[in-house]
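Here's the structure, in structure tokens; my notes come after.
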Amino acid sequence: MTKGKTKLILKIAFIAVSISSLFFVPWLLVKAWILPLPDTIPEQVDEAIGHGFDGMIVYVDQVGKPPQYYTGGWHNRESKTPTNPHALFKIASISKLYDAVAVTKLVSDGRLSLDKTIADYLPELVGRIENAEKITLRLMIQHRSGIPNFTDTPNFWAAPTQTFEESLALILDKPANFKPGEDYEYCNTNYLLINKIMDDELGYDNFQFIKEEILVPLNLNHTFGSLNEVNLDEVMSGYHVGHPFDLKADEHGMLATAQDVATFLRALNDGSLFEPGEQEIYASIYEFEHAGWVPGYQSFAKYHEDIDAVLVEFYSTTDPKLYNWNLSEIINNRIVKILKRQRDL
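Quick note: the sequence shown uses my numbering, first residue 1027, plus one each step.
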């Protein structure tokens, strides 16, 4: 066979594979990606609602401009209450940023050590978590511990655990996914243990420490540790495709308004959140942006240095196959493109 024929066959095969792969990508994602970019963020939000999200909040904090809210859809679908830009939202794993800052401050104060291990802090778990003697606090923060992720347990989200003990029991005596420090795998068990370690060191719930060291100094009066602290009517409703009911009454940790999250993220990125020496510790262990997912709630918080803007996006609809997650990321990228285009006008 000649080289020319070989190249032709390979080219045809590549085209065939590319076309066939489209059958495995939801058309909605392709459509959202190829649609002409709207001129404004409100138009993009309306487009997102048209894609099937029940509600959406966008908060933009851009230097040199007043902060802006953009909303679409429903705060509560059943009552047809329009989206409230000041609604409380379940921020899920965005809370890991607050946890990492709290650890940073405790390390700076000499109360915790990044190089101490699970065996040092939770000796009762030696023999129950593989490599407990080698997994340091640093590795847990960075998701490089190898500990299995308790939320990956089959059907976990159908009946989530309610306590530390219940969650931990899902991974005890399980083999490690990899040796400590040799790989990366996002793992909620890491932060389950980190929160326990902080509680034990402090002698009280670490969210109180977060409140004293982060929320109060930044005047974040609309950030809370659980549903028990808030008026449920102020919480944006959340919906999961295939599930008939509003999910806002389900407990999933921290809640905040979009503005509070943006204020925190700005302070995290510009360093104003930290005392001398703390920013260097934090930068060595964790990231400066995050996203979150629990059933009914998708949240994104990111600082864009090139346009000096913090963006927070809340979406109140999730789905079992995470198509809505991918759709959200497409929409988020389009919002950034709109801001950049407006800057260049």
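Note that the Cβ used here is the ideal one computed from N, Cα and C, for glycine as well.
In this structure, the straight-line span from the alpha carbon of Phe1300 to that of Leu1294 is close to 8 Å. Taking the Cα of Asn1359 as reference, the smallest distance to any Cα among Val1133, Ala1058, Lys1274 and Gly1136 is reached at Ala1058. Residues Ser1134 of the same chain have their beta carbon placed closer than 8 Å to that of Gly1303, with the five preceding and five following residues left out of the count. DSSP places Met1082 within a strand segment (E or B) once states are collapsed to three. Counting only runs that start and end inside the stretch 1282 to 1323, the beta strand (DSSP E) elements of at least 3 residues fall at 1316 to 1320. For Tyr1341, the enclosing beta strand (DSSP E) covers residues Ala1335 to Tyr1341. It is roughly 28 Å from the alpha-carbon of Leu1140 to the alpha-carbon of Asp1286.
DSSP, read as helix, strand or coil, puts Leu1218 in helix.
Around Lys1160, the same chain offers Pro1206 as residues with beta carbons nearer than 6 Å, after the five sequence neighbours per side are excluded. A direct Cα-to-Cα measurement between Leu1241 and Thr1162 gives close to 27 Å. Three or more Cβ pairs drawn from the stretch 1352 to 1367 and the stretch 1317 to 1333 lie within less than 8 Å of each other, which places the two stretches in contact. Sequence-distant Cβ neighbours of Leu1353 in its own chain, meaning closer than 7 Å and more than five residues away, are Leu1054, Leu1055, Ala1058 and His1077. Residue pairing of Ile1155 in beta bridges, as defined by DSSP: Val1152. Note on geometry: alpha-carbon atoms of Arg1170 and Tyr1217 lie some 12 Å from one another.
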